[in-house]
Structures are given as C-alpha cells and as structure tokens.
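In order, the protein sequence lines correspond to chains C and W.
Reminder that position 267 of the first sequence reads as 266 in numbering that gives the first Met the number 0, one-by-one numbering, no gaps.
Reminder that position 61 of the second sequence reads as 60 in numbering that gives the first Met the number 0, one-by-one numbering, no gaps.
Number of protein chains: 2
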Amino acid sequence: MAEDVIVLADGGGGERMMTFVRREILSRFASADPSGALARMADAARVEVDGTALAFTTDSYVVRPLEFPGGDIGRLAISGTVNDLACLGARPIAISLALILEEGLPLATLGRMLDSAAATARSVGAAVVCGDTKVVERGSADQMFLNTAGIGLIAKGRRLGGDRIRPGDKVLVSGTVADHGVAVMSKREGLAFQAAVSSDVAPLWPLAEALLAACPNLRALKDPTRGGLAAAVNELAEAAGVRIRIDEASVPVRPAVAGACDALGLDVLNVANEGKFIVVAAPEEVEAALAAMRGHALGRDAAVIGDVLAPAAVGPRVTLRTTIGGERVLEMPYGEDLPRIC
Amino acid sequence: MAEDVIVLADGGGGERMMTFVRREILSRFASADPSGALARMADAARVEVDGTALAFTTDSYVVRPLEFPGGDIGRLAISGTVNDLACLGARPIAISLALILEEGLPLATLGRMLDSAAATARSVGAAVVCGDTKVVERGSADQMFLNTAGIGLIAKGRRLGGDRIRPGDKVLVSGTVADHGVAVMSKREGLAFQAAVSSDVAPLWPLAEALLAACPNLRALKDPTRGGLAAAVNELAEAAGVRIRIDEASVPVRPAVAGACDALGLDVLNVANEGKFIVVAAPEEVEAALAAMRGHALGRDAAVIGDVLAPAAVGPRVTLRTTIGGERVLEMPYGEDLPRIC
C-alpha cells in the first residue's frame, strides 16, 4: 500500500490534485455544503447572506523561497485572494491573514513580508480585518506559511462562471503567461537568467473592474495559478461542458520566460501565473474586453487566444493549434513539476 | 541581537504574543484597515456589507498530536471558527478550510481528520464552501496544519463586545476550565492520567443562541483558548477599561484536571479551553444567563465567577480572590508553557 500517503503532486494544481481533492475532500464535505459551492471548485464560492451576494475564498501560501524576483509571499497572499474574489466579479471588502511561523525566523524577514502584504492590500483598498499567529518549533515548518481568506461584494445582477460559457465565445488572456512560476523556479534553482524574469504577482481587482464596466455580459474570469493556462482552460471547459481550442501562436510569452522554460524542461502553458486572468467573452464583447484590458497597466499584453466550440461526444475537451499548424490535446497537467510555487 | 527571531511564546496567547502582535503586525496593517477591527483583536471582526452586519474570523491549527482525548485537529478547526463567530453573536454561515499537508502523511489520517471536521460543521449547520490544498516536502511541515475562516451573520441590533461592559456587571463561565489544554498535554507527554481527562472541544453556536435568546442585553462573550481564562479576562478588562475580580473558589474545575495541572506544573487559569465561553452579563440578566446555559448540554456547569469593578488609576486590571481568602493579581500569562495546544 505504498500509494496511501500524500505526495507532492496532490498539491500541484493538476490532474492528480483534482482527483485527490474530489476523492478525499469533496466527498466528505458534500453533506456539509448544501449549496454545492465547494463541489464546483471555482476560484471563490458565491454566498448569499440576507439578499447580498458575497464571494468567499481562501488560500494558504507555502512558496519557496519567500522572496523572488518581482514579489514575495506577502504580496502573493493578498494578490491571490483578491484575484480569486475578482473571478466572481467581486470587489474585495475584508481579508484575513493567518501566520504559521517557524521558531527562529528572523523578525526582519517577517517584517518585510508583512510590509509587502500591507502595501498590496492598501493598493486595492482591501481591509485586513482579522488574523491569527501560530508558532511551531524549529524544524516543524519551513520559515513561514501564510493563509488569507477574503470576502468580496458581487454587484447586483452580476454572474460570472463556467455555466455561462457558450459555443462561439472567445477565450482571452490578460497578458504574458508563466512569469510567476519561472521567476520562482529561477531563483530557487539559482539559474543565471533569474534577473531577466520577474513574477507577475499583482492584485487584479482594478483590471477586473475595468473589464466588468466594459462588458456587462462577461462570461467568466479564471485565475491561472497552479497548473497554469492549461489547467485553467481545462477547468473552464469542464465546468461549461464545452470544447475549447487554444491557438498557441496567440498566447503571449516573454522571450526570456520561453527560454527559461526550455532550460527547466517546463511547458509554458503549465506554469503558474499570479497576475493574469483567463477571460471568456461573448462574441459581441470581445473587442470591448480587449480594449478595456489593453487600456490598463495590468492588461497591456492582453490577447484573444482561443475559441469555445460545441461539445463533442468523444475526444478531448481542450486542444492546442500549434505554431507549426497541427492540433494536439492540451492536457490538464499532472501536477508534479512545480512544488511550492505559491 | 539574539532576540530578533521568532520564539515559541510569540504564539502562546499571552503577554509576549500580545506585545509581538501589536508591535510586529498591527502596526503594519493599521493603514490597511480603516475600520480598526484588526486593532481591536477581538475574537472576530465586525464587517458591514450593504447594510448587513457580518462577523469574519480566521485561525490556523497546528495542534500536536493531531488526535487527543475528546477530539482532533478537524473538530478543533471547525469549532474554533464557529466559537469566534459566536463571540460576536453571529450564526455561522460559511466556512473555508485550507490544508497544508506534509508529503508522506497517511491518507487514512487525513481522512479521519476531515471526517471529523465535516461532522462538526454539519452538527451546527455551518456550510464548508471553499478550501485549498497545499503539499510541502517531507520535513517542511509537521504532518498537517489546517486553517479555517468563517463568515457569520449578526442579528439586527445585536452588539457584543468589551466596550459594552460596565461596572456592576457579572462575569460567568459556561463550564469547567482547562480541559482541552490538559487533555492535549497529557496525551503528548504520555501521562498516566490521560484517560481521565477529555478535551472540551465543541462548536458552541447552539449555546450562544440560547444565551442570546435569554439575554437581549448581553454584554460580551469571549473564547478562552490560548492563555486560558486568565488571558481572556485580562483582554476583556483591558478592552472595557474596567477592573475585574475573579473568585477562585467559584471557577469550576474537574478534579482530574486540577490534579493533572499540579503534575504538569500548570495553572488551570492559564490553560486553553476549546468549548467554553467567558460571559459578561448585566446584573439584571445574570440569572437568565445562568439558567440558559445550565439548561443546555454544553453549559451544564456554568457558574458566576466574578465581578466587574470601576476602573482605578493604579493597580492591576484583574485580581483573584483566592480560596484561602487573600487577593492577588491575576496576570496575563506570558505564553511559553503550552506550545501547539491548538
């Protein structure tokens, strides 16, 4: 029974994690969530309280190293929660911040991470209203782990999600992919090109707000973190019950990131982003979505990257039209390539 | 500069932690929380959204061992968040559950902890609506850490908190103290009396609901976890700007717990509880509060344990009238006695 223990890929954001989470977690909580929000595994849960539609989400952060080109665990923790809320079209209202600290962690390190978290929260007007601090013995945790949860307010009548996606819709991405994962891996592995690549980690609520204003009928937003673009698009296609075809040549990738992925043996489409949206727009709103993103500093490199197609009885959910003209399955990554990327 | 690192007492729930949290955390987030909720360090933050009063709270759980007489980390994680919400008079609406798992953790262990969490949530009608799973390498965490956050709904017009406490009010406790901390320490240390002591860990919303129905003018509820009754009463006295006198002989303690505390060198008043409230009631509602609690399985041993007194210019905030008739300062514990108790 050598398999009956947790392995790193169980947290990798790919196929292995989906199976693990469904079998070991969701099955147990189905009867503790009559709303079905947990089972949908969206970026955030929609919770109706007294007629008000809220978004609610949580993530823990175990990234290694704590600081990497373009960001750190503090900025990551606030951005991740803001972006998950934004995927439901929700303005961030209140954020919690819980620390698990290893005995011996330098106070100066903690201070830098918290200053970064506070500055990130302030930059999007998200109030950090509650928290918790635990300390464990040396060797019982790796420096520091953070958890944030967040409450967002969804505007009346706004609905975003996989169930709103229709054949004929277009798939967009708000900018270049794989910057975060490559920045962290380059730093961790001490690779020479680390200076050339910077994480995209950023709180995207201002970009989402611009998109929502421009597109009253926006279909869906998705945060392509662990598992990258490939995992996010596969999850959208499955939630929507459609096929999606991505055009490889249209996906924006920085040359330094592409080079680093070659050196590290990674597929850019499987690598985590922390400041990007996958956007699904109705045909009549594609131009407005593109213009709204390109007019914003966080969406300058936005591009249309694919098409939503009618479901098929057999065959893959997501395909990739390659740069050399072929078409192949774009699989959900398995999830073991990039441990502790966020 | 040997002091400039995190020590275990920084998470111990006592004086050291209060100082650490104020200096290293709250100072950084003051400008990221205009509401001041974080700075109040209450069990939960009050958040007004669209005219609806919500409670919001978070806690991480690092208890060792994962299973102890009377409970486990799963029951603890749900109960802790339900109880923090209840301290604002809030019914639990939605809970998040985030896992940090160590590679190699047996799936069977994880399954037992999650079954326990799910059963605890179901028992009080609290829906677990979102979650997260991270896995770290063997040696980078100790088996499993959990985080829960929760959203609660505060009934219209209900206000509980230190600022409502007045001289002349009475202090009550909902039952015996120190059961949780002693159960965990007995198991951890392999002490012979472990079978005799059981943790009180329980989700207290049903007890809070009974209390709120009986006492329209209830002043405050407080969850006496890390730092025990002594820390909770000191925090209440400070928030209220009053003095409190506790009568030692009135504090209910199980004989086995008292004996274990003697053996372990612990003060029962400093030891964590996970299924108790400290209650402050107006004089005219004391009998109703006591009757409401004693009429409930979770409050059978409720007792009046002290008095709220007018503030004094000098002298201690909290005193203890001892069983031998003297009176001494009841200090905020320092916080290093009981690491990883929750």
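The C-beta atom is built at its ideal place from N, Cα and C for all residues, glycine as well.
- The Cβ of residue 186/C sits no closer than 7 Å to any Cβ of chain W.
- Closer than 7 Å to the CB of residue 237/W there is not a single CB belonging to chain C.
- By the criterion of a C-beta distance shorter than 7 Å, residue 163/W is surrounded in its chain by 218, 219, once the five residues flanking it on both sides are discounted.
- Not a single CB atom of chain W sits nearer than 7 Å to the CB of residue 277/C.
- One thing to note: residue 119/C has its Cβ within 7 Å of the Cβ of residue 74/C.
- Taking 8 Å as the cut-off between beta carbons, the residues of the stretch 127 to 158 of chain C near chain W are 127, 128, 129, 130, 131, 132, 133, 134, 135, 136, 138, 139, 140, 141, 144, 146, 148, 150, 152, in sequence order.
- At least one C-beta of chain C is nearer than 7 Å to the C-beta of residue 3/W.
- Per the coordinates, the alpha-carbon of residue 116/W lies some 43 Å from the alpha-carbon of residue 309/W.
- Of all residues in the stretch 29 to 49 of chain W, those with a C-beta nearer than 7 Å to a C-beta of chain C are 30, 31, 32, 33, 34, 36, 37, 43, 44, 46, 48, 49, reading in chain order.
- In the three-state scheme derived from DSSP, where H, G and I count as helix and E and B as strand, residue 293/W is classed as helix.
- C-alpha of residue 143/W to C-alpha of residue 168/C: approximately 42 Å in a straight line.
- Residue 112/C and residue 23/W have their C-alpha atoms roughly 11 Å apart.
- Setting aside the 5 residues that flank it on each side, residue 240/C is surrounded in the same chain by 310, each with a C-beta closer than 7 Å to its C-beta; the list follows chain order.
- Using a Cβ-Cβ cut-off of 8 Å, residue 107/W is close to 3 of chain C, given in chain order.
- Excluding its 5 nearest sequence neighbours in each direction, residue 216/C has C-beta neighbours in its own chain below 7 Å: 281, 284, listed in chain order.
- With distances taken between CA atoms, residue 79/W lies nearest to 222/W out of 222/W, 20/W, 188/W.
- Secondary structure note for residue 111/W: its alpha helix (DSSP H) is the uninterrupted segment 106 to 122.
- The beta carbon of residue 336/W sits no closer than 7 Å to any beta carbon of chain C.
- Taking CB atoms only, residue 121/W has a neighbour in chain C less than 7 Å away.
- One finds nothing in chain W with a Cβ atom closer than 7 Å to the Cβ of residue 292/C; even the nearest lies about 27 Å away.
- Taking C-beta atoms as the reference points, residue 304/W and residue 250/W count as a pair closer than 7 Å.
- Taken atom to atom, the span from the alpha-carbon of residue 224/W to that of residue 12/W is near 8 Å.
- Excluding sequence positions up to five before and after residue 321/C, its CB lies within less than 6 Å of the CB of 247, all in the same chain and listed in chain order.
- Where residue 134/C is concerned, the enclosing beta strand (DSSP E) starts and stops at 126 to 135.
- DSSP, reduced to helix, strand and coil, places residue 95/W within a strand of the structure shown.
- Contact between the stretch 98 to 112 of chain C and the stretch 30 to 43 of chain W is absent: fewer than 3 CB-CB pairs across the two stretches fall below 8 Å.
- Against chain C, the CB of residue 300/W has no partner CB under 7 Å away; the residue lies outside that interface.
- When the alpha-carbon of residue 184/C is set against those of 264/C, 130/C, 314/C, 148/C, the nearest one is in 264/C.
- Interface flag for residue 55/W against chain C is set, since a Cβ pair is found closer than 7 Å.
- With a 10 Å radius around the Cβ and a threshold of 16 neighbouring Cβ atoms, residue 30/C comes out exposed.
- For residue 101/C, the beta-bridge partners assigned by DSSP are 135/C.
- When only Cα atoms are considered, residue 179/W and residue 297/W end up about 14 Å apart.
- In the three-state scheme derived from DSSP, where H, G and I count as helix and E and B as strand, residue 318/C is classed as strand.
- For the stretch 16 to 28 of chain C, the set of positions with a beta-carbon nearer than 8 Å to some beta-carbon of chain W reads 16, 19, 20, 23, 24, 27, 28 in chain order.
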